[in-house]
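Report on the following structure.
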Ligand SMILES: Cc1cc2nc3c(=O)[nH]c(=O)nc-3n(C[C@H](O)[C@H](O)[C@H](O)COP(=O)(O)OP(=O)(O)OC[C@H]3O[C@@H](n4cnc5c(N)ncnc54)[C@H](O)[C@@H]3O)c2cc1C
Ligand code: SF4
């Protein structure tokens with residue numbers, strides 16, 4: 043941290059670099075040399091990686107992020123078109139298996155600067171206090187090594203940095219309010235309100251969602267045209283590409299795009315020394331670093347650590363517990379579709395704009411532990427067509443007829459908590475990718491609690507759709523939001539990282555992304571992922587150079603460093619209920 047600035051400043055390839063219709067990157071990016079030993083090397087510039095990069099560089103560290111995908115220029119690279127957006131996803135080969143195989147590719151992680159936050163719908167509910175102690179409360183899953191109170195200030199912080207729009211009073215979990223006003227309702231939101239109201243179920247209207255309901259700094263407000271999971275060319279939806287990366291570059295960070303990390307190098311002293319990676323032409327490089335943070339998503343993070351096996355860690359780097367890759371979770375994400383006599387036009391709003399968490403907590407009347415949420419989703423025509431194939435077996439002329447009826451359908455998504463199980467895991471397949479690296483094999487199996495929960499959630503969501511006035515209700519089974527596979531815990535025998543995301547085995551190797559979740563609740567994970575990243579950054583900043591020189595672990599909670607937020611983000615918005 044105290045070493046003089048290294049590297050040089052070079053002009054980016056394409057000037058000006060646009061991140062939305064109004065947001066430009068004005069500064070050329072700093073470039074480090076490969077034989078410069080940087081302070082931190084982060085693998086992956088997604089939801090967690092983007093926040094870490096911004097915080098650490100603003101605090102004065104020399105930081106590089108290796109990102110496998112491109113550095114998006116949103117004006118040049120993105121289109122408001124459903125079929126033109128597949129480049130946003132990680133579609134490299136992976137193998138799926140188990141009794142209930144997960145669909146991979148476009149259904150999970152992103153590829154490119156911003157990662158999954160580029161294609162997320164931006165629903166940003168918090169986890170509930172109960173999520174941090176489900177083993178203690180219900181005897182299932184695991185407890186987190188931290189409580190809700192530890193992460194709450196970071197939720198409040200990140201809700202201002204993105205920022206999150208939502209109601210002034212949010213009743214579930216730890217009740218709170220949002221500093222930015224809620225969004226108006228689209229047709230699907232109105233259907234959810236109608237169905238819930240008919241059944242006396244409270245519903246949250248207009249958020250929480252990380253989409254601007256009014257212009258903010260150099261970002262314009264939402265124009266309600268529904269291309270959120272295609273990237274939001276407008277720049278109204280928060281992604282780390284538009285919220286944190288510009289400040290990171292301003293603070294002297296380097297993002298090396300098209301750079302696929304292949305192996306983390308372990309030195310003779312039991313500390314990591316840097317990362318091997320391939321550039322876009324397949325050229326092999328090694329970047330030296332004093333500490334490494336892996337933030338590559340719940341599949342690529344364990345894959346990289348498994349591919350980094352070496353003498354002393356034959357089963358994968360930092361895997362002395364044998365839990366690396368295990369306890370992978372996905373949420374049940376069934377989509378329930380209802381046909382209405384009146385047009386709904388579900389594309390005319392962000393997919394994410396209303397939800398209920400009334401069924402989130404364990405209810406002793408149920409035959410399962412934990413619960414689920416019901417949310418608006420607004421599939422565009424191609425996704426809708428796929429859902430009609432799966433839900434109604436529609437095909438040929440029948441499918442065409444359903445597609446012509448698109449404007450009359452509404453879609454709700456359930457988010458159901460699937461528990462962490464050791465046999466749901468990421469391992470290495472025999473197949474290799476274009477760099478010769480073994481690809482991930484993802485095995486997924488539903489257990490009895492999960493099946494019961496999904497059945498109840500599906501029935502309730504269909505009941506709400508019918509109560510909204512739908513004349514036909516169908517559903518598609520699917521999963522969403524992978525987390526886990528390198529979980530945090532206090533016991534090094536049963537977890538990969540400690541409560542600050544430092545691997546138990548290697549003092550200068552961290553994992554900080556959705557992989558560290560011990561359980562997942564039924565809240566979308568993005569806000570928690572970014573909040574954990576900000577807390578880990580505060581820890582690293584507080585520890586200063588000792589991370590680079592010492593194996594001692596200080597387990598003291600760091601102070602929250604609001605002053606390190608991107609300028610103009612903290613302290614804005616209207617006063618809200620805490
Ligand atoms: C369609 C869709 C909608 C979603 N909607 C929501 C939502 O509304 N709310 C919500 O909270 N969540 C949502 N999610 C989930 C959310 O996007 C993810 O949970 C979140 O982005 C994961 O964050 P992460 O930091 O773990 O990984 P990511 O954000 O995926 O970042 C990982 C990054 O690492 C890079 N990488 C991986 N391996 C390597 C390597 N070896 N070398 C270099 N780079 C590498 C990847 O290219 C990627 O950019 C949605 C997901 C999808 C698919
Ligand atoms: S609906 Fe709003 S947030 Fe979504 S893509 Fe359009 S402008 Fe962006």
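Numbering (this note's numbering), first residue to last: 43 to 620.
Don't be surprised by glycine CBs; every beta carbon is placed ideally from N, CA and C.
Every value quoted in this text rests on a predicted model; they were computed, and no experiment measured them.
Asked, Found
"Verify whether the separation of the beta carbon atoms of residue 182 and residue 188 is less than 9 Å.", "no"
"Contact check, residue 548 vs residue 312 under 8 Å by CB: the rounded distance?", "7 Å"
"Quick one: what does DSSP say residue 92 is sitting in, helix, strand or coil?", "helix"
"Between 420, 462, 469 and 466, which lies nearest to residue 450 when the distance is taken from Cα to Cα?", "420"
"Here's the rule I'm using: 16 or more other beta-carbon atoms within 10 Å means buried, otherwise exposed. How should residue 356 be labelled?", "exposed"
"Under a Cβ-count criterion, where at least 16 other Cβ atoms within 10 Å of its own Cβ denotes burial, should residue 53 be classed as buried or exposed?", "Reliability fails at residue 53, whose pLDDT of 49 lies under 50, so the model's placement of it is uncertain and the value that follows must be treated cautiously. Looking at its Cβ environment, which holds fewer than 16 other Cβ atoms inside 10 Å, residue 53 is exposed."
"Consider the C-beta atom of residue 332 and the heavy atoms of ligand 2; say whether any pair is separated by less than 8 Å.", "no"
"Between residue 267 and residue 122, which are expected to be in contact by the criterion C-beta below 8 Å, what is the C-beta distance as a whole number of angstroms?", "7 Å"
"Residue range of the beta strand (DSSP E) that residue 428 falls in?", "No beta strand (DSSP E) holds residue 428; the alpha helix (DSSP H) holding it covers 423–434."
"Express the C-alpha separation of residue 281 and residue 290 in angstroms, rounding to a whole number.", "14 Å"
"With a cut-off of 8 Å, do at least 3 Cβ pairs link the region 118–138 to the region 477–484?", "yes"
"So for residue 580, helix, strand or coil by DSSP?", "helix"
"Leaving out five residues on either side along the sequence, give the residues of the same chain with a beta carbon under 6 Å from the beta carbon of residue 521.", "144, 372 and 375"
"Alpha carbon to alpha carbon, how far is residue 446 from residue 611? Give it in angstroms, no decimals.", "44 Å"
"Which ranges does the alpha helix (DSSP H) cover as unbroken runs of at least 4 residues, wholly within the region 253–292, from first to last along the chain?", "282–285 and 287–292"
"Considering only the beta carbon of each residue, do residue 84 and residue 336 sit closer than 9 Å?", "yes"
"Spatial neighbours of residue 437 within its chain, please: CB distance less than 8 Å, with the 5 preceding and 5 following residues excluded, ordered by chain position.", "431"
"What did DSSP end up calling residue 138 once you bin it into helix, strand or coil?", "strand"
"Please report how far the alpha carbon of residue 525 lies from the alpha carbon of residue 370, in whole angstroms.", "6 Å"
"For ligand 2, list every residue whose C-beta falls under 6 Å from any of its heavy atoms, going in chain order.", "253, 264, 265, 266, 267, 268, 269, 270, 274, 276, 278, 279 and 392"
"Just to confirm the assignment, what range does the alpha helix (DSSP H) spanning residue 509 have?", "490–509"
"Would you identify the three-state DSSP class for residue 552, choosing helix, strand or coil?", "strand"
"Quick one, which of 508, 210, 402 and 546 has its alpha-carbon nearest residue 172's?", "402"
"May I ask you to check if the CB of residue 555 is nearer than 8 Å to at least one heavy atom of ligand 1?", "yes"
"Short of 8 Å in beta carbon distance, which residues of its chain neighbour residue 614, apart from the five on each side in sequence? Order them along the chain.", "202, 205, 221 and 258"
"Specify the secondary structure class of residue 445 as computed by DSSP and reduced to three states.", "helix"
"Does DSSP put residue 451 in a helix, a strand or coil?", "strand"
"Whether or not the region 71–80 and the region 295–304 are in contact is what I'm after, with contact meaning three or more pairs of Cβ atoms, one per stretch, closer than 8 Å; do they touch?", "yes"
"What does DSSP give as the partner residues of residue 306 in its beta bridges?", "317"
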